[in-house]
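In my numbering, the protein residues as written are 77 to 184.
What follows is a short report on a single structure.
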């Protein structure tokens, strides 16, 4: 984790480059590891758009992150991982985006 002391240090930690490359602490204490972790995937398409990328590039980045999270959960001994990745409202998105999401989720 980071220990920032000045406003400029804090602002530098929040830059897109820093946010994209931050990692979790290497070895949490065993007593702090939860049995069940839940993740609501939200904002991957907006993340990509804000960087001038296609929305599906953001969704792909989200899938890549979930794979890393899953591996970490296994390594840490987390028994249950719930991922909420597609709401009923998502069916109203453009067909190309929905089809791309289904491919990424392995449902087609």
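Note that CB positions come from ideal geometry on N, CA and C, so glycine has one too.
Residue 114: first and last residue of the uninterrupted beta strand (DSSP E) it sits in: 112 to 116
Sub-9 Å separation of residue 177 and residue 132 beta-carbons: yes
For residue 84, three-class secondary structure by DSSP: With a pLDDT of 42 at residue 84, under the threshold of 50, the modelled position of this residue cannot be trusted; read the value that follows with caution. Of the three classes helix, strand and coil, the one that applies to residue 84 here is helix, per DSSP.
Beta-bridge partners of residue 158, as assigned by DSSP: 114
Among 108, 135, 124, nearest to residue 166 - alpha-carbon criterion: 135
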